[in-house]
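Order-wise, the sequence lines are chains G and C. At position 188 of the first sequence the residue is numbered 188 (the UniProt record's numbering), and the sequence of numbers has no breaks. At position 66 of the second sequence the residue is numbered 66 (the UniProt record's numbering), and the sequence of numbers has no breaks. Glycine included, every Cβ here is placed at the ideal spot set by N, Cα and C. In this text the structure is predicted, and so the values were computed from the model without any measurement.
There are 2 protein chains.
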Amino acid sequence: MQTSLKTIFPNFSSDLISTIEENGSLQHFESGTILMRTGQYIKNTVLITKGKIKIYREGEDGGEFLMYYLQPGQACAISMICTAKSEKSQIMAKVVEDVTVMMIPLQLMDKWMMEHRSWYEFVIETYRSRFEEVLEVVDNIAFRSMDERLEFYLKRHSDACGCSEVNLSHQEIATELNTSREVVSRLLKKMEQRGLVKLNRNQIELLK
Amino acid sequence: MQTSLKTIFPNFSSDLISTIEENGSLQHFESGTILMRTGQYIKNTVLITKGKIKIYREGEDGGEFLMYYLQPGQACAISMICTAKSEKSQIMAKVVEDVTVMMIPLQLMDKWMMEHRSWYEFVIETYRSRFEEVLEVVDNIAFRSMDERLEFYLKRHSDACGCSEVNLSHQEIATELNTSREVVSRLLKKMEQRGLVKLNRNQIELLK
DNA sequence: AGTCTTCTGTGATAAATGTTACTGTAGATT
DNA sequence: AATCTACAGTAACATTTATCACAGAAGACT
Chain G
1 MQTSLKTIFP
11 NFSSDLISTI
21 EENGSLQHFE
31 SGTILMRTGQ
41 YIKNTVLITK
51 GKIKIYREGE
61 DGGEFLMYYL
71 QPGQACAISM
81 ICTAKSEKSQ
91 IMAKVVEDVT
101 VMMIPLQLMD
111 KWMMEHRSWY
121 EFVIETYRSR
131 FEEVLEVVDN
141 IAFRSMDERL
151 EFYLKRHSDA
161 CGCSEVNLSH
171 QEIATELNTS
181 REVVSRLLKK
191 MEQRGLVKLN
201 RNQIELLK
Chain C
1 MQTSLKTIFP
11 NFSSDLISTI
21 EENGSLQHFE
31 SGTILMRTGQ
41 YIKNTVLITK
51 GKIKIYREGE
61 DGGEFLMYYL
71 QPGQACAISM
81 ICTAKSEKSQ
91 IMAKVVEDVT
101 VMMIPLQLMD
111 KWMMEHRSWY
121 EFVIETYRSR
131 FEEVLEVVDN
141 IAFRSMDERL
151 EFYLKRHSDA
161 CGCSEVNLSH
171 QEIATELNTS
181 REVVSRLLKK
191 MEQRGLVKLN
201 RNQIELLK
């Protein structure tokens with residue numbers, strides 16, 4: 001393996017790392033691959049070591065309402081939560097940047113929870129942070145108007161990638177916010193006039 | 001104790017029940033009491049044995065956006081999630097029907113997770129079901145219009161109490177959906193015209 | 001260069017929701 | 001019974017968001 005698990009998951013004990021390497025299977029998926037569908041049974045827990053996965057809720061009309069992104073060092077909370085009873089997924093997971101993931105059979109979850117303290121803590125922290133993130137999403141759609149939500153969305157993106165450019169078309173943004181492309185274009189134009197962003201084709205630079 | 005824990009939490013082992021009775025403290029709170037505030041540190045996990053608690057997200061303008069209700073046999077997922085690091089609460093919890101709760105010091109959480117299988121399973125299931133419930137809330141506000149959300153809201157209420165009457169004023173409903181009283185009145189009137197409900201003072205009867 | 005496709009900008013208009021203002025009514029209080 | 005208060009109904013209007021229609025610009029392809 002090029003980049004060691006230990007680097008990506010620094011809190012895992014050496015013991016746990018070995019166990020993961022023994023039992024997990026490292027897999028690659030291309031951007032665009034759908035890793036999980038609503039209603040599908042979950043058979044694996046997924047640890048991301050490279051790339052980016054989008055977790056979203058699918059609308060009837062093709063909306064892809066963004067919940068959050070999974071990045072290296074993170075894991076899919078849903079797949080962990082559904083573990084116990086091998087429940088059905090309530091969400092969609094789509095690769096948005098080619099990923100390398102470690103697939104771990106569900107039945108090992110419970111075992112590791114008992115045997116590896118660092119795994120236990122990782123799972124709890126994953127649950128907690130995702131729950132919090134989803135609560136923030138609820139906040140936004142419940143209390144904020146579209147312009148504020150758009151600003152928040154862009155900020156989240158640049159925070160996630162650590163840069164100030166968001167390389168998405170207006171249409172893609174509209175889909176993730178469940179609104180229309182025209183609305184996004186208009187609001188972005190207003191933001192540009194307020195000096196908050198600079199608009200290029202397929203790219204939005206955040207200025208402040 | 002009048003009603004035994006064993007009856008309310010049938011899946012707990014006898015062993016666990018004894019441990020809870022030894023370490024927890026049974027407390028009563030009146031309707032209207034705020035048990036948890038946004039930003040507050042969490043020091044206890046709460047098991048509900050009687051009454052009803054509303055978990056909501058507070059808006060700046062006094063909105064009380066409903067996430068879900070906690071009822072006998074359930075526990076506060078947030079308080080469990082925040083456990084590990086004694087994190088701050090992201091939500092509000094308000095008693096809406098006089099409750100009796102078992103308060104359990106946070107530090108016991110981790111210990112019990114390891115020692116009591118039935119506690120472990122209960123916690124996991126609590127996480128899972130609440131996460132799912134919040135996802136459904138997101139679905140509703142992201143993809144549905146107010147009339148559909150109102151119908152869903154009423155259905156949820158009658159499901160929760162097991163009856164077909166919802167005893168709330170239009171204002172209370174409006175607060176929980178973060179809209180205005182007038183909008184709720186209008187939509188309810190339309191539902192009445194469609195024969196879906198019968199409107200009385202402080203009460204809505206679901207007909208279908 | 002010319003053609004195509006995708007992305008972006010913008011006006012006009014429609015629909016949903018929020019706000020203001022006022023009325024009536026049921027039940028509680030005196 | 002008279003009064004008071006919280007609740008409910010509704011019209012008129014404002015605002016936000018969605019939809020339709022179209023035009024221009026950037027880059028891809030031949």
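- Within the model, the alpha-carbon separation for valine 96 of chain C versus leucine 168 of chain C is close to 11 Å.
- By the Cβ-count criterion, glutamate 176 of chain C is buried, with 16 or more other Cβ atoms from all chains shown falling within 10 Å of its own Cβ.
- The criterion of a C-beta distance shorter than 8 Å is not satisfied by phenylalanine 152 of chain G and glycine 59 of chain C.
- Three or more beta-carbon pairs separated by less than 8 Å link the segment 15-30 of chain G to the segment 105-123 of chain G, which places the two stretches in contact.
- No Cβ-Cβ contact shorter than 8 Å links leucine 188 of chain C with lysine 198 of chain C.
- Residue state for arginine 130 of chain C is assigned as helix, using DSSP reduced to three classes.
- Each residue's CA atom was taken as its position, placing threonine 7 of chain G and serine 13 of chain G some 11 Å apart.
- For alanine 174 of chain C, the enclosing alpha helix (DSSP H) has its first and last residue at 170-177.
- Under the Cβ criterion of 8 Å, glutamine 90 of chain G is counted among the residues facing chain C.
- For glutamate 21 of chain G, the enclosing alpha helix (DSSP H) stretches over residues 14-23.
- Within a 10 Å sphere around the beta-carbon of asparagine 202 of chain C sit fewer than 16 other beta-carbons, which makes this residue exposed.
- Between the alpha carbons of alanine 93 of chain C and tyrosine 56 of chain C lies a distance of about 6 Å.
- About 16 Å separates the beta carbons of methionine 67 of chain C and isoleucine 42 of chain C, which is beyond the 8 Å limit, so they are not a contact pair.
- For threonine 7 of chain C, no beta strand (DSSP E) run applies; the uninterrupted alpha helix (DSSP H) run containing it begins and ends at 5-8, by DSSP.
- If the five residues before and after asparagine 11 of chain C are omitted, its C-beta is found closer than 6 Å to the C-beta atoms of Ser118, all from its own chain and listed in chain order.
- One Cα belongs to isoleucine 173 of chain C, the other to lysine 88 of chain G, and the distance between them is close to 31 Å.
- Boundaries of the alpha helix (DSSP H) harbouring alanine 77 of chain C: 77-81, taken from the DSSP string.
- Between methionine 103 of chain G and serine 31 of chain G a beta carbon distance of about 18 Å is seen, past the 8 Å cut, so the two are scored as non-contacting.
- Looking from the CA of glycine 162 of chain C, the closest CA among C/Glu148, C/Gly195, C/Thr126 and C/Glu205 belongs to C/Glu205.
- If you draw a straight line from the Cα of methionine 146 of chain G to the Cα of isoleucine 78 of chain C, it is about 28 Å long.
- A straight-line Cα-Cα distance of about 27 Å links glutamate 132 of chain G and phenylalanine 29 of chain C.
- Cβ contact annotation for leucine 154 of chain C (same chain, cutoff 7 Å, sequence separation greater than five): Val166, Ile204 and Leu206, in chain order.
- Contact of glycine 59 of chain G with chain C is assigned, a C-beta pair being separated by under 8 Å.
- Around the beta carbon of threonine 126 of chain G, a 10 Å sphere encloses 16 or more other beta carbons of the protein chains shown; the residue is thus reported as buried.
- For the segment 83-147 of chain C, the full-length beta strand (DSSP E) segments reaching 3 residues or more read 92-105 along the chain.
- Excluding sequence positions up to five before and after leucine 150 of chain G, its CB lies within less than 6 Å of the CB of Leu187, all in the same chain and listed in chain order.
- When the Cα atoms are used, glutamine 107 of chain G and serine 158 of chain C turn out to be separated by approximately 37 Å.
- One Cα belongs to isoleucine 34 of chain G, the other to leucine 5 of chain G, and the distance between them is close to 24 Å.
- Taking the C-beta atoms as reference points, isoleucine 48 of chain G is found nearer than 8 Å to glutamine 71 of chain G.
- Around the beta carbon of glutamine 74 of chain C, 16 or more other beta carbons sit within 10 angstroms, so the residue counts as buried.
- Excluding five sequence positions before and after glycine 63 of chain C, the CB atoms of its chain that fall closer than 7 Å to its own CB belong to Thr175 and Asn178, given in chain order.
- Within the DSSP bridge table, the entry for threonine 45 of chain G names G/Ile104 as partners.
- DSSP lists G/Ile204 as the bridge partner or partners of valine 166 of chain G.
- Put simply, of C/Met191, C/Ile141 and C/Val99 the residue whose alpha carbon is nearest the alpha carbon of phenylalanine 65 of chain G is C/Ile141.
- At the C-beta level, valine 138 of chain G and valine 138 of chain C come within 8 Å of one another.
- Chain G has a Cβ within less than 8 Å of the Cβ of isoleucine 141 of chain C.
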